[in-house]
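Each remark here refers to the structure printed beneath this line.
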Amino acid sequence: MRKTLGIVRVAEDGKKFYKPDVSDDVKPLKGKFFKTLEDGIQYKTYAKLSGFEVRKSIQYNRKDGKLKQKYIACSREGFKSIAPMDMLVDNIDKQETKKPKEKQNMPSCRCGWLAKCIFEITNENNYAIYAFDEEHNNPFVDEDDIPLLKSSREVTFSKKQLLFRVSNNNIGPMKAFKMMKELFRGFDEIGATSVDCRNFKRVLDNMDYLKRRGTEGRLGQDYLKRIKQYGFIDVANKKDGPLEWTESELEEWAKEVAGDTCSCSINLQTTAK
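So in full-length UniProt numbering, spot 156 of the sequence shown is number 156, and the numbers just go up one at a time.
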């Protein structure tokens, strides 16, 4: 039997709307003031207790570039955007010749929820709740599934340390997750899922790969590929090609161009005369 959270309201057309059943202390009521935006986003705590997720949405700035309004919406707000397809006849042959890029088809969890909270900055540089839509047009998660919400999951430092140490002994994240179950006396007491453990193990593998590969050499090669190739012209002798300067001539040229207060390190082939 599904444990429905919140208060259900049925409209005249048969549509159901859901309102969280929480105390007014955690509700972001209209008119509340906060010193910072981080203090004002108690909407996350309110959403966690109600059984849904939130995310930062659009914002509006003033003419001087400062923040005017910030929207915090439900994670299921809106709909997934669909990439447009090129249906022109001239481009069909080009698309067939190229190998299509494979993309993972990820399902969308957005279903057009309308609940949101709008914060607005005041003249005293405080943040006030400008608007607050409380009703949702879809049910919340089950009460037993609230620990599985993203806001409720966290791989803490102690768990990261455990995953790092057991990985040095060739123990994978799934076995480590089962070890945590014995340590914390239940999967519900871990505070994270097996997917979170696998994601952290992937981060460790990427760090180890970069350490073994050497980031300096790889980044240096990428930089050399991006820079432009420049040539030199000897204006005095009207010759196009490599310049042959002695070290003393090179030093005099550097002082004339950059001055005594500026120094640079350049890698040029010099010929001694």
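Note that the Cβ used here is the ideal one computed from N, Cα and C, for glycine as well.
From residue i to residue j, what does the alpha carbon distance come to, in whole angstroms?
i	j	result
H136	T193	27 Å
K56	Y18	22 Å
K201	K175	12 Å
F177	F119	40 Å
S167	L149	26 Å
E77	Q69	18 Å
D133	V22	15 Å
G14	E143	25 Å
I7	Q161	42 Å
L37	A11	35 Å
A131	K32	10 Å
P28	C117	8 Å
I146	M207	32 Å
K30	N199	39 Å
L224	K63	Its pLDDT being 49, under 50, L224 is placed unreliably by the model, and nothing is read from it.
N126	P173	45 Å
G65	E124	17 Å
G186	V26	29 Å
Y71	V203	31 Å
By alpha-carbon positions, which one of the options ends up nearest to residue i?
i	options	result
A73	A115, N170, L67, E134	A115
S75	M207, Y60, N169, A47	A47
V155	I146, M180, F52, L49	M180
D205	D21, F164, G191, L67	F164
V141	Y130, S50, E12	S50
Y60	T36, I121, D25	I121
K16	E189, P139, S158, G186	P139
residue 294	N170, S158, N169	The chain is shown only over 1 to 273; residue 294 falls outside these bounds and no answer can be derived.
I171	I190, C197, K66	C197
V54	S151, P173, D188	S151
E189	Y71, L67, R153	R153
I129	G65, Y43, F52, K66	Y43
Pull the bridge partners of residue i from the DSSP assignment, please.
i	result
I118	Y71, A131
N61	L67
V54	C74
For a test of the three-state rule: what should DSSP assign to residue i, helix, strand or coil?
i	result
Y9	One point to set straight first is that residue 9 is Arg, not Tyr, in the sequence displayed. In this structure, R9 counts as strand in the three-state DSSP scheme.
K30	coil
F140	coil
K35	coil
K15	coil
A192	coil
S152	helix
R165	helix
D24	coil
R202	helix
I171	coil
residue 274	Any question about residue 274 goes unanswered here, given that the chain covers just 1 to 273.
Under 7 Å: does the beta carbon of residue i sit that close to some heavy atom of the ligand SAM?
i	result
Q59	This structure lacks the ligand SAM, and indeed carries no ligand of any kind.
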